[in-house]
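*Asks:* My structure is below; once you've seen it, I'll send some questions.
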Amino acid sequence: AITAGDFFFCLFTMRQVLLIALLTFVTLFLLVDAQSLLNRVYVSPFGNNDADSGATSDSPVRTVSYAQSRVVADGTGVIYIMPGVYTGTSNIFGFSKYVTLAAHSSVQSPRQAYFDGQNDSDGPSLSVPNQGSKGLTFTIRGLGFANFNLANGGYPRGAVDFPGNAGNVTITNCEFWNVGYAITPRLGGALKLLSSQFTGVSSPVIVLYSATTTI
39 AITAGDFFFC
49 LFTMRQVLLI
59 ALLTFVTLFL
69 LVDAQSLLNR
79 VYVSPFGNND
89 ADSGATSDSP
99 VRTVSYAQSR
109 VVADGTGVIY
119 IMPGVYTGTS
129 NIFGFSKYVT
139 LAAHSSVQSP
149 RQAYFDGQND
159 SDGPSLSVPN
169 QGSKGLTFTI
179 RGLGFANFNL
189 ANGGYPRGAV
199 DFPGNAGNVT
209 ITNCEFWNVG
219 YAITPRLGGA
229 LKLLSSQFTG
239 VSSPVIVLYS
249 ATTTI
């Protein structure tokens with residue numbers, strides 16, 4: 039027969055087992071989450087969007103959007119863009135994290151690693167986050183932007199667009215060619231544009247609303 043003592047001992051044991059299982063699950067979840075977010079992520083058109091990719095230039099991910107999902111969100115993360123042409127919404131999209139998009143050390147000029155809008159009038163812009171209140175900086179360094187001739191949907195929309203209160207944006211050592219509008223900061227965005235080139239560009243910078251620009 040089961041005594042009251044046996045019953046409470048079994049109940050206590052079950053509680054201990056459940057507690058240990060819960061702690062193990064939480065620990066594993068935190069470890070997996072910590073491993074999945076990186077300070078540095080590498081991208082190549084020839085990479086793979088695998089869970090264990092992106093940490094080194096020898097195992098890059100394939101798309102910039104997947105790289106963003108792997109990088110930390112505190113403003114210190116860097117996505118290194120390796121040589122190649124980046125097209126489509128998996129590479130050109132609205133960012134939700136403040137990061138640095140930087141040409142990899144193997145890139146000798148912006149024309150070796152660039153975003154191509156493919157002259158699609160309804161195509162996407164590379165848009166910076168609408169989270170200016172965070173006080174972080176979105177940086178683009180050493181990259182190219184080509185063939186962005188986007189339709190004017192009530193306001194100019196550039197290859198790099200500030201869709202709202204973007205906060206601080208720095209664009210340095212980049213090149214824009216064959217684009218209508220190159221950069222369109224607006225609604226409180228603060229742009230710092232340094233050492234960049236524009237070839238066959240209708241309007242390098244269109245400042246809208248209350249944006250501020252330093253060139």
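Here the sequence shown stands for residues 39 to 253, numbered as in the working numbering. The beta-carbon is built from N, C-alpha and C at its ideal position, and this holds for glycine as well.
1) From 183, 95 and 212, pick the residue whose C-alpha is nearest to that of residue 124; which is it?
2) Just confirm the distance between the C-beta atoms of residue 85 and residue 99, as a whole number of angstroms; I'd bet it's less than 8 angstroms.
3) Could you name the residues of the same chain whose beta carbon sits closer than 6 angstroms to that of residue 196, not counting the 5 residues immediately before and after it, in chain order?
4) At 3 residues or longer, and completely inside the region 97-166: list those beta strand (DSSP E) runs for me, N to C.
5) Among 142, 163, 96 and 217, which residue has its Cα nearest to the Cα of residue 129?
6) What's the C-alpha gap between residue 148 and residue 205?
7) Quick one: residues in its chain with C-beta nearer than 6 angstroms to the C-beta of residue 200, no 5 flanking neighbours on either side, listed in chain order?
8) Looking at residue 139: is its Cβ nearer than 7 angstroms to the Cβ of residue 110?
*Replies:* Well, looking at it:
1) The residue among 183, 95 and 212 with its C-alpha nearest the C-alpha of residue 124 is 183.
2) The pair is a contact, with the Cβ atoms about 5 angstroms apart (cut-off 8 angstroms).
3) Excluding residues within five positions, the ones whose Cβ falls inside 6 angstroms are 219, 220, 221 and 222.
4) The qualifying runs are 116-119, 122-124, 138-141 and 151-154.
5) Nearest option by C-alpha distance: 163.
6) Rounded to the nearest angstrom, the two C-alpha atoms are 25 angstroms apart.
7) Within the same chain, and ignoring the five residues on either side of residue 200 in sequence, the residues whose Cβ sits closer than 6 angstroms to its Cβ are 166, 223, 224 and 227.
8) Cβ distance not < 7 angstroms, so residue 139 and residue 110 don't count as in contact.
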